[in-house]
Amino acid sequence: MADAAHIPDEVETRARWGGFAWTQANAEKAREIIARYPAGREHSAVMPLLDLAQRQVGAETHTQGWLPVPVIEFVAKQVNMPYIRAYEVVTFYTMYNMAPVGRFHVQVCGTTPCMLRGSDDVLAACKNRGLSKGHTTPDGLFTLTEVECMGTCANAPMVQINDDNYEDLTFDSMSAILEALANGEMPKAGSQIGRMASAPEGERTTLHAYQGADA
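Those letters in the sequence shown? Residues 7 to 221, per this note's numbering, in order.
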């Protein structure tokens, strides 16, 4: 766990986030989310509410967002859930951040398909740009995390940066993505080699004519 991000001191965290409350716009979104579920099933709303809370923290800190303990408590109280149950959700899913992150949270998949297709080159590009696993760059722009499978194995190697996936990466294309983000640009998400969705690379993507079993 040496690569894990440092969770701030609780006294400091409560001093900053103890009075957390929804913005007016997010309060309306929260009501809409809870209303999707039958009465007595409010617990089902905990995941989208945690995501909404993380995004609000991100907007207030100009980062990708994270979930301080008082914010988790706030969400748990809204859906009548014991805090520890909400905390279990936050610590299980990597979509939630337990510690502050940068403006861009770079999550590199290191599972076998990505590893075989060059995730080490992707990590090398990150290191070359000054990123280190479990840490945020001094300028506050990037936080680097290595994660497990994010379901894009056909287009490996890939990273998720905030809400976007970048696929079919190389050292050079990953370097270009980081450079673009640092310059305030938004690089094109998805495959970096022009692949459509997860279609075969360099092969036919459509069966133009049906051929029978004897063909």
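All residues carry an ideal CB built from backbone N, CA and C; glycine is no exception.
Problem set entry | Start-to-end residues for the alpha helix (DSSP H) that takes in asparagine 134 | Here residue 134 refers to the residue found at position 128 when the sequence shown is read from its first residue. Segment 125-134, the alpha helix (DSSP H) holding asparagine 134.
Exercise. Aspartate 170 to leucine 56, Cα distance in whole Å?
Worked result: In the sequence shown, the residue the question calls residue 170 occupies position 164. In the sequence shown, the residue the question calls residue 56 occupies position 50. In a straight line, the C-alpha of aspartate 170 is about 19 Å away from that of leucine 56.
Problem set entry | Outcome for leucine 184 when other beta-carbon atoms lying within 10 angstroms are tallied against a minimum of 16 | Translated into the one-based positions of the sequence shown, residue 184 becomes position 178. So leucine 184 counts as buried.
For this session: Alpha carbon to alpha carbon, how far is histidine 12 from phenylalanine 80? Give it in angstroms, no decimals.
Result: Taking the sequence shown and counting its residues from 1, one reaches residue 80 at position 74. Taking the sequence shown and counting its residues from 1, one reaches residue 12 at position 6. Distance between the alpha carbons of phenylalanine 80 and histidine 12: 22 Å.
Exercise. DSSP state of alanine 41, grouped into three classes?
Worked result: Start at 1 with the first residue of the sequence shown, and residue 41 comes out as number 35. Reduced to three states, the DSSP call for alanine 41 is coil.
Exercise. If you compare alpha carbons, which of Leu58, Gly190, Met180, Ile199 is closest to alanine 131?
Worked result: Here residue 131 refers to the residue found at position 125 of the sequence shown. That would be Met180, whose Cα lies nearest to the Cα of alanine 131.
Exercise. Which value, in whole angstroms, describes the spacing of the CA atoms of tryptophan 23 and serine 197?
Worked result: Numbered from 1 along the sequence shown, position 17 holds the residue referred to as residue 23. Numbered from 1 along the sequence shown, position 191 holds the residue referred to as residue 197. C-alpha separation (whole angstroms): 38 Å.
For this session: Reducing DSSP to helix, strand and coil, say where alanine 221 ends up.
Result: To locate residue 221, count along the sequence shown from 1; it is residue 215. Confidence in alanine 221 is poor, its pLDDT being 48 and thus under 50, which makes the residue's placement unreliable; the coordinate value appears in the next sentence. Alanine 221 falls in the coil class under three-state DSSP.
Exercise. Looking only at its own chain, which residues have a Cβ that is under 8 Å from the Cβ of methionine 7, when we skip the five neighbours before and after it?
Worked result: Locating residue 7 in the sequence shown gives position 1, where the first residue counts as 1. Low per-residue confidence applies at methionine 7: pLDDT is 39, beneath 50, and the placement is therefore not dependable enough to give any value.
Problem set entry | Closest by C-alpha distance to proline 163, when choosing among Leu122, Thr149, Ala188 | Taking the first residue of the sequence shown as 1, we reach residue 163 at position 157. Selected option, being the one with the closest Cα: Leu122.
Exercise. Which residues in the same chain have their Cβ closer than 6 Å to the Cβ of alanine 27, if we skip the five residues on either side of it in sequence?
Worked result: In the sequence shown, counting from the first residue as 1, residue 27 sits at position 21. Hits under 6 Å: none found.
Exercise. Does the separation of the CB atoms of threonine 149 and threonine 142 fall below 7 Å?
Worked result: What you label residue 149 is simply residue 143 of the sequence shown in a count that begins at 1. What you label residue 142 is simply residue 136 of the sequence shown in a count that begins at 1. Yes, the Cβ-Cβ distance between threonine 149 and threonine 142 is below 7 Å.
Exercise. Which residues in the same chain as valine 85 place their Cβ atom closer than 6 Å to its Cβ, once the five residues preceding and following it in sequence are excluded?
Worked result: Sequence index remark: in the sequence shown, residue 85 carries index 79 (1-based). Here the set comprises Glu48, His49, Ala51, Val52.
Exercise. Out of Val77, Lys133, Ala182, which has the shortest C-alpha to C-alpha gap to tyrosine 102?
Worked result: As a working note, residue 102 is residue 96 in the sequence shown. Per the Cα distances, Val77.
For this session: Tell me whether alanine 8 sits in a helix, a strand or coil according to DSSP, three-state version.
Result: To locate residue 8, count along the sequence shown from 1; it is residue 2. Confidence at alanine 8 is low in this model, with a pLDDT of 47, below 50, so the placement of that residue should be treated as unreliable; the coordinate-derived value is given next. Reduced to three states, the DSSP call for alanine 8 is coil.
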